[in-house]
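K.L.:
Below is the structure I would like to discuss, written out as structure tokens.
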Amino acid sequence: MSLDVSLTIDRGMSMKRYTVFVRPDVVCSISMQASEWNRLHPDKAIPEMLEAETMDTMEVFTSGLTHNLVTMAAAAGIYLVIWRPEECGIIRAGQLVDRLTVGLAKLKSDPARFVEHNSANGWGTYEQFVSWVEGYLEACERYPDAKVSADR
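All residue numbers for the sequence shown refer to the numbering used here, where the first residue is 9 and numbers rise by one.
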């Protein structure tokens with residue numbers, strides 16, 4: 009079991025979505041602003057793009073996280089805002105930015121304290137959690153008006 013979080017924007021905030029043929033047998037959908045391609049290949053054009061239909065809503069970020077990281081998140085003070093944002097009154101991604109920033113700073117300021125919470129089976133480590141929080145924070149900063157969803 010895992011926590012699945014997502015950020016969704018309304019059509020009024022929509023961005024163009026493109027289908028990118030990564031390999032002959034793999035197709036994925038991306039946005040130009042949040043493109044992994046642009047981040048990994050800043051000097052190269054995206055190959056073979058086809059514009060997709062406009063949608064009423066669009067998921068701009070989605071990621072899963074193991075429940076093995078609950079105690080680490082709690083120790084960093086960000087368990088509730090990640091796992092149960094609705095209980096904190098969090099509806100939009102911009103509401104997460106300050107809290108995730110503070111939690112990430114705590115995580116990075118004392119790694120030894122948080123490594124103690126690593127899962128014994130390796131599914132949920134300090135390094136994985138820091139990387140995940142960084143990615144989620146980046147998405148929240150990029151899409152502050154996006155609707156936050158946490159599926160436990």
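The C-beta atom is built at its ideal place from N, Cα and C for all residues, glycine as well.
For the 8 Å Cβ check, are there 3 or more pairs between the segment 102 to 115 and the segment 66 to 76?
P.N.:
No, the segment 102 to 115 is not in contact with the segment 66 to 76.
K.L.:
Beta-carbon within less than 7 Å of N76's beta-carbon, same chain only, minus the 5 sequence neighbours each way: which residues are those?
P.N.:
The residues are S127, W131 and G132.
K.L.:
How about Y151 and L11: are their beta carbons less than 8 Å apart?
P.N.:
No; because the gap between Cβ atoms is not below 8 Å, this pair is not in contact.
K.L.:
Measure the beta-carbon distance from A113 to V13 and round it to whole angstroms, keeping in mind my assumption that it falls under 8 Å.
P.N.:
Not quite, the Cβ-Cβ distance comes to about 20 Å (not below 8 Å), so this is no contact.
K.L.:
Just curious, the beta strand (DSSP E) that G72 is in, first and last residue?
P.N.:
Per DSSP, G72 belongs to the beta strand (DSSP E) from T65 to T74.
K.L.:
So what does DSSP say about G106, is it helix, strand or coil?
P.N.:
Note that residue 106 is Asp in the sequence shown here, rather than Gly. Correct three-state label for D106: helix.
K.L.:
From D118 to D64, what distance separates their C-alpha atoms?
P.N.:
Their Cα atoms are separated by approximately 43 Å.
K.L.:
Tell whether a beta-carbon distance below 8 Å holds between Y134 and V123.
P.N.:
Contact flag set, yes.
K.L.:
Secondary structure at A113, three-state DSSP: helix, strand or coil?
P.N.:
Three-state result, A113: helix.
K.L.:
Nearest to A82 by CA position, among I98, I99, V156 and R121, is which residue?
P.N.:
Closest by alpha carbon: R121.
K.L.:
Thinking C-alpha only, which one of P50, E67 and Y144 is nearest V89?
P.N.:
V89 has its Cα closest to that of Y144, out of P50, E67 and Y144.
K.L.:
With DSSP collapsed to three states, give me the class of I98.
P.N.:
If DSSP states are grouped into helix, strand and coil, I98 belongs with coil.
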